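Just below is one structure, and these are the notes that go with it.
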Amino acid sequence: NVPAVSGVESETEATFSGTLEGRITTARVGSGGFGYDPVFFIPSLGTTAAELSVEEKRAVSHRGEALKKLALWIGESGLF
Numbered sequence: 070n071v072p073a074v075s076g077v078e079s080e081t082e083a084t085f086s087g088t089l090e091g092r093i094t095t096a097r098v099g100s101g102g103f104g105y106d107p108v109f110f111i112p113s114l115g116t117t118a119a120e121l122s123v124e125e126k127r128a129v130s131h132r133g134e135a136l137k138k139l140a141l142w143i144g145e146s147g148l149f
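Here it is in structure tokens:
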């Protein structure tokens, strides 16, 4: 699962991505989350995304990883 965040300011372009390795299961497990979370199994954690607490999910979030990279780039770029 790989989200991407892109931005263009003047002539500067940047793209940031994050990954969360996993696989789709045949059975739904867990009641948390939304969308594909009950069928997205994360081998490194031994659980589906739907079984994670909000705090655990934030710690491994592929979206959060991409946004952290974007925030760091914004801070270092001096564009804003």
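Residue numbers 70 to 149, in the working numbering, belong to the letters of the sequence shown in order. Cβ atoms here follow ideal geometry from the backbone N, Cα and C, with glycine treated the same way. Only a predicted model underlies this, so the values are computations on that prediction, with no experimental measurement involved.
Exercise. Per DSSP, which residues does Phe-103 bridge with? Please list them.
Key: Here the question's residue 103 lines up with position 34 in the sequence shown. According to DSSP, which records beta bridges pairwise, Phe-103 is partnered with nothing at all.
Quiz prompt | Euclidean distance between Cα positions of Asn-70 and Gly-91 | solution = By 1-based counting over the sequence shown, the position of residue 70 is 1. By 1-based counting over the sequence shown, the position of residue 91 is 22. With a pLDDT of only 49 at Asn-70, under 50, the local geometry of the prediction cannot be trusted, and the value read off the model is given with reservation. Roughly 8 Å separates the two Cα atoms.
Exercise. Can you tell me which of Ala-96, Leu-141, Pro-112 and Ala-119 puts its alpha carbon nearest to the alpha carbon of Gly-104?
Key: Taking the first residue of the sequence shown as 1, we reach residue 104 at position 35. Looking at the Cα atoms, Ala-119 is the closest of the given residues.
Exercise. Spatial neighbours of Asp-106 within its chain, please: CB distance less than 6 Å, with the 5 preceding and 5 following residues excluded, ordered by chain position.
Key: If you number the sequence shown from 1, residue 106 lands on position 37. Counting only Cβ-Cβ distances below 6 Å, and skipping sequence neighbours, we find Ala-118 and Ala-119.
Self-check item: Nearest candidate by alpha-carbon position, reference Ala-128, set Thr-84, Glu-82, Thr-88 and Ser-100
Solution: Taking the first residue of the sequence shown as 1, we reach residue 128 at position 59. The option with the nearest alpha carbon to Ala-128 is Thr-88.
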